[in-house]
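Here the structure is laid out as structure tokens; the discussion comes afterwards.
In the numbering used here, the protein residues as written are 8 to 216.
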């Protein structure tokens, strides 16, 4: 069964569970958010990627943080479920904002412990190189969506990750990405270290032939 959602396209990817703070200033979105607040309803944030609107995330409003005299608003929201856009109407009849018929993607959180552990170890290596290991909790319950914005993925890669319905496949996607970038980052760190040593006397270990 398909559902209808008011849509707020943005040039970003919102992953389920992610909190978004939005400043609402356009008339069409002031109307959209006002109606969501009155009806306690959700809206959709389709990712505007490659000039297309195909997938996005349902968003609920947690709090109206501030409302300005001219109608602008600051709102706190949280992304929930991923959807595919079946039809897109811009604008919705009788409204200023766009909307569309959507189908929610089934999201499977089943995964393989060994694959998750491999991803965890690669993440620890990444965060160690970036010197941010103490800023994020990394443990054996780690899943992909909470750390997706911290992987150095391009917008297109984040979009591809969003569309994957199975956690096991998302973890393999992340592992493939990390295996690609970690050797590059390690080489950058070695280069930085060599640059720091320029001009210093070096004590080399003798080689035994």
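Yeah, the Cβ is synthetic: ideal placement off N, Cα and C, and Gly gets one too.
*Cα-Cα, which of 118, 109, 80, 39 is closest to residue 48?*
39
*Which of helix, strand or coil DSSP assigns to residue 123*: helix
*How is residue 32 classed by DSSP in three states: helix, strand or coil?*
coil
_Alpha carbons only, please: which of 53, 106, 192 is nearest the one belonging to residue 136?_
192
*Can you tell me the Cβ-Cβ gap for residue 159 and residue 188, rounded? I've got them flagged as a contact below 8 Å.*
6 Å
*Using a threshold of 8 Å, state whether the C-beta atoms of residue 89 and residue 114 are closer than that.*
yes
*Determine the DSSP secondary structure at residue 169, reduced to helix, strand or coil.*
helix
*Would DSSP call residue 58 helix, strand or coil?*
coil
*Pull up the DSSP beta-bridge partners for residue 14, would you.*
51, 105
*Go ahead and pull the three-state DSSP assignment for residue 27.*
strand
*Contacting residues, own chain, Cβ-Cβ under 6 Å from residue 173 (five flanking each side not counted)*: 115
*Along the alpha helix (DSSP H) that carries residue 148, what are the first and last residues, could you check?*
Per DSSP, residue 148 belongs to no alpha helix (DSSP H) and is neither H nor E.
*Beta-carbon contacts of residue 106 that lie in its chain and below 6 Å, excluding the five residues immediately before and after*: 13, 14, 96, 99
*Using a Cβ-Cβ cut-off of 8 Å, state whether residue 65 counts as contacting chain D.*
Going by chain labels, chain D is absent from the structure shown, which holds only one protein chain.
*asked:* What would DSSP say about residue 99, mapped onto helix, strand or coil?
replied: coil
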